[in-house]
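Numbering (my numbering), first residue to last: 4 to 560. In what follows, a structure is listed as structure tokens, so that the remarks can point back to it.
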């Protein structure tokens with residue numbers, strides 16, 4: 004007969020003697036402007052069977068401590084709910100660790116030198132990959148070209164993704180492997196850049212143009228993807244992150260998540276987006292797939308589930324692919340474009356509503372947001388869209404007339420302040436755009452749910468850097484843009500916990516330290532809420548608990 008451990012009424016874990024920021028608020032309360040919540044000095048949190056069973060004031064945890072209870076005395080340190088990153092690319096972040104990091108380049112020659120050095124370490128014919136180059140931060144501001152990559156990688160196909168992940172540059176060998184030549188027409192949802200003579204420059208705009216080249220790079224195996232998921236779990240846990248929404252996943256990557264879970268190597272709650280990638284089919288083909296699926300958003304369990312359908316509706320300002328109401332300052336001949344037509348998006352929105360999917364649209368330009376809101380309103384003709392929580396990803400420049408529509412439709416926005424911090428786009432934007440962009444305060448003030456997110460690897464997945472930027476409006480050069488848009492540290496914490504859980508429909512079980520919620524906690528080395536606002540970015544995580552299990556402990560804590 005098996006030895007079965009008897010059930011006891013005591014907690015499995017008690018984290019005691021902490022300054023506990025509970026974030027015990029509802030989404031409706033936050034929308035109404037309520038940001039005060041219970042803070043327990045010297046308090047305790049009791050967890051049993053992965054869920055919180057008690058949140059106790061000082062000295063009142065004795066009833067939950069039994070002979071087998073693990074008791075962790077945090078010595079007065081700050082305890083917050085596990086961090087939720089409401090929009091990231093975990094799989095990209097992990098796989099990109101295998102590429103040449105070009106984020107430190109100061110000019111184009113630095114990039115070329117780094118790629119040349121990498122080419123010397125690989126065999127002829129093997130791919131050389133780079134990431135995070137950003138010509139806007141270079142002294143020469145010059146875009147790289149395929150001919151320059153040809154010179155430093157003469158025997159290897161080379162493919163380098165810009166910091167924004169909406170542009171890539173490749174060499175001639177990579178174009179040839181993808182079957183792209185001077186006569187190849189632009190694909191759906193993308194542009195092959197050409198010079199004045201019509202010759203390909205090697206610059207690829209948006210996924211429609213990038214995927215034909217990227218798809219020629221040998222795919223990771225399931226085993227390698229599982230390793231990436233395990234690696235990213237360590238990175239996330241080190242930063243107090245216990246739950247994420249992972250976007251733009253290919254089917255084989257989604258299957259690898261399930262394998263990682265089966266092997267016990269998934270150490271964060273993963274919500275997977277179903278990406279309608281224009282490189283994998285037309286809108287009618289995607290709609291047919293949605294009809295044939297036997298599952299819908301929300302399918303899964305507390306560790307792994309489907310989240311929303313994602314549409315990449317427009318691009319980014321740096322190269323004029325984000326869709327705005329007005330022409331660009333630096334490219335007055337255009338105001339950008341959408342990757343699909345407004346009518347196509349309405350078809351997707353109606354189908355999502357019919358099959359009870361949540362729909363999330365990448366909208367950087369304000370005109371792209373108009374198109375998405377029109378689609379959400381079209382979906383409301385099917386049924387009430389408010390419970391679905393359709394949302395706009397990014398939307399850094401909301402217009403005054405959009406805010407009431409968003410509020411009425413229950414549309415929220417995951418914002419990425421570290422993109423504002425690192426991207427360097429303020430210099431090319433109109434003065435009002437540079438001043439007002441990525442304003443979390445605008446959303447708080449207008450009763451719209453704003454989530455904290457990284458868009459990693461485009462932005463940093465350090466949530467405390469993101470909170471710092473939201474509270475200071477400071478870019479990586481130390482310049483403060485629009486200080487009137489700064490939020491408080493308390494709002495920043497709400498943004499990265501309870502508000503972020505809204506986007507995965509988990510705000511009833513995540514994002515706050517309350518009885519009945521999952522026991523996800525982060526113990527910090529300082530009180531960044533009550534401390535110096537400029538010290539927020541220095542916050543370090545001492546311990547992270549996922550469902551009451553210690554998944555990270557800082558060695559020198």
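Glycine included, every Cβ here is placed at the ideal spot set by N, Cα and C. All values reported here derive from a predicted model rather than from experimental measurement.
Under 8 Å between the Cβ atoms of residue i and residue j?
i	j	result
residue 504	residue 513	yes
residue 194	residue 208	yes
residue 61	residue 79	no
residue 358	residue 452	no
residue 568	residue 136	Any property of residue 568 remains undetermined from this structure, which presents the chain solely from 4 to 560.
residue 469	residue 457	yes
residue 408	residue 381	no
residue 2	residue 536	The shown model of the chain, from 4 to 560, leaves out residue 2, and the question about it has no answer.
residue 139	residue 428	yes
residue 410	residue 369	no
residue 440	residue 89	no
residue 163	residue 171	yes
residue 378	residue 341	no
residue 151	residue 178	no
residue 333	residue 431	yes
residue 24	residue 539	no
residue 500	residue 26	yes
residue 18	residue 75	yes
Could you check the C-alpha separation between residue i and residue j for me, to the nearest Å?
i	j	result
residue 337	residue 484	25 Å
residue 4	residue 257	In this predicted model, residue 4 has a pLDDT of only 41, less than 50, meaning its place in the structure is not dependable; the value taken from the coordinates is given anyway. Rounded to the nearest angstrom, the two C-alpha atoms are 39 Å apart.
residue 243	residue 157	43 Å
residue 495	residue 41	16 Å
residue 110	residue 126	27 Å
residue 57	residue 518	6 Å
residue 22	residue 63	15 Å
residue 97	residue 307	18 Å
residue 304	residue 550	13 Å
residue 48	residue 321	47 Å
residue 267	residue 367	37 Å
residue 3	residue 223	Since the displayed the chain opens at 4 and closes at 560, residue 3 lies outside it and no answer follows.
residue 425	residue 462	7 Å
residue 392	residue 509	12 Å
residue 169	residue 210	7 Å
residue 361	residue 128	43 Å
residue 548	residue 288	42 Å
residue 466	residue 149	36 Å
residue 543	residue 213	37 Å
residue 521	residue 327	41 Å
residue 418	residue 497	13 Å
residue 530	residue 77	13 Å
residue 283	residue 325	22 Å
residue 28	residue 515	8 Å
residue 2	residue 413	Coverage of the chain is limited to positions 4 through 560, which leaves residue 2 absent and any answer about it impossible.
Pick from the options: whose alpha carbon is nearest that of residue i?
i	options	result
residue 237	555, 273, 507	555
residue 10	548, 274, 70	70
residue 103	130, 94, 509, 214	130
residue 205	351, 146, 85	146
residue 253	228, 265, 239	228
residue 422	414, 442, 410	442
residue 273	288, 245, 286, 178	245
residue 113	26, 88, 350, 141	141
residue 2	219, 26, 464	Absent from the model: residue 2. The displayed extent of the chain is 4 to 560, so no value can be given.
residue 1	85, 59, 73	This structure cannot settle anything about residue 1, because the visible part of the chain is limited to 4 through 560.
residue 264	284, 225, 251	225
residue 66	81, 538, 16	16
residue 388	404, 405, 401, 355	355
residue 302	331, 261, 335	261
Just to confirm, does residue i get its C-beta within under 7 Å of one of the non-hydrogen atoms of the ligand GTP?
i	result
residue 141	This structure simply doesn't include the ligand GTP, nor any ligand for that matter.
Cβ contact check for the region 469 to 482 and the region 182 to 197: 3 or more pairs under 8 Å: no
4-residue-minimum alpha helix (DSSP H) runs that sit fully inside the region 461 to 516, ordered along the chain: 466 to 475, 492 to 498, 501 to 505
3-residue-minimum beta strand (DSSP E) runs that sit fully inside the region 137 to 176, ordered along the chain: 161 to 165, 170 to 173
Inter-stretch contact at 8 Å, needing at least 3 Cβ pairs: the region 279 to 292 / the region 221 to 236: no
Three-pair Cβ contact test at 8 Å for the region 387 to 397 versus the region 342 to 351: no
Beta strand (DSSP E) segments (min. 3 residues) lying fully within the region 83 to 121: 86 to 91
Runs of alpha helix (DSSP H) lying entirely within the region 240 to 282, each at least 4 residues, in chain order: 254 to 265
Inside the region 364 to 397 only - beta strand (DSSP E) runs reaching at least 3 residues: 394 to 397
Sufficient close CB pairs (3 or more, under 8 Å) joining the region 269 to 280 to the region 298 to 313: yes
Any alpha helix (DSSP H) of 4 or more consecutive residues that is wholly inside the region 281 to 307: 286 to 295
Alpha helix (DSSP H) runs contained entirely in the region 391 to 432, provided each spans 4 or more residues: 406 to 412, 420 to 425
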